[in-house]
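In our numbering, the protein residues as written are 301 to 480. All C-beta atoms in this analysis are idealised placements derived from N, C-alpha and C, irrespective of residue type, glycine included.
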């Protein structure tokens with residue numbers, strides 16, 4: 301099948317993405333890698349009127365470290381994690397998970413943030429991030445908030461993301477060297 305007609309906008313900034321999501325009378329969805337959302341659109345399980353592309357927003361594709369936490373931008377791909385682009389707070393668990401996801405072409409495009417934001421019950425990242433006691437960072441017009449990943453999904457394909465919110469980052473605490 302093919303998706304229903306939709307408009308596409310590539311945001312140049314987070315504020316522009318938030319403005320696009322706030323358009324009245326338009327069901328807008330955020331897209332970065334699109335590996336799951338596009339398949340859902342092709343099956344017409346999802347039919348947004350507007351796709352807001354955040355894949356090229358600064359900082360959303362980076363990994364940084366601060367004290368006892370590693371920060372993953374929402375657009376960090378599975379392949380980037382598999383390839384070890386930043387410090388691994390999980391002592392290899394996240395790398396192992398990333399290398400088992402689908403095949404390399406999907407890992408090159410699919411993102412950790414997209415996986416968490418979609419809340420697909422078959423996805424690995426939501427369970428792994430909950431087990432690692434990670435925190436999702438959500439930004440919207442009401443400001444920035446932190447949501448524990450174990451509480452982020454509220455149901456099948458349902459999350460704590462409000463209308464117009466964007467998952468921008470995931471904070472993962474470093475495991476103790478003694479952790480197994």
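Around the beta-carbon of residue 333, 16 or more other beta-carbon atoms lie within 10 Å, marking it buried.
Short of 6 Å from the beta carbon of residue 371, and not among the five residues preceding or following it, lie these beta carbons of its own chain, in chain order: 364, 469, 471. For residue 389, DSSP assigns no beta-bridge partner whatsoever. Listed in chain order, the alpha helix (DSSP H) elements of length 4 or more contained wholly in the stretch 323-370 are 337-342. The criterion of a C-beta distance shorter than 7 Å is not satisfied by residue 357 and residue 418. Distance check between residue 422 and each of 457, 346, 350 places 457 closest, using alpha-carbon atoms only. Taking C-beta atoms as the reference points, residue 467 and residue 413 count as a pair closer than 7 Å.
Setting aside the 5 residues that flank it on each side, residue 369 is surrounded in the same chain by 389, 471, 472, 473, 474, each with a C-beta closer than 8 Å to its C-beta; the list follows chain order. For the pair residue 439 and residue 447, the Cα-to-Cα distance works out to about 11 Å. For residue 404, the secondary structure class from DSSP, reduced to helix, strand or coil, is helix.
Cβ contact annotation for residue 428 (same chain, cutoff 6 Å, sequence separation greater than five): 397, in chain order.
Where residue 424 is concerned, there is no enclosing beta strand (DSSP E), because DSSP gives it neither an H nor an E. Residue burial is scored here from C-beta neighbours: residue 312 has fewer than 16 other C-beta atoms within 10 angstroms and is therefore classed as exposed.
In this structure, DSSP gives residue 310 an extended state, which the three-state scheme calls strand. In its chain, beyond the 5 residues on either side, 337, 346, 348, 350, 351, 352 have a beta carbon closer than 8 Å to the beta carbon of residue 329.
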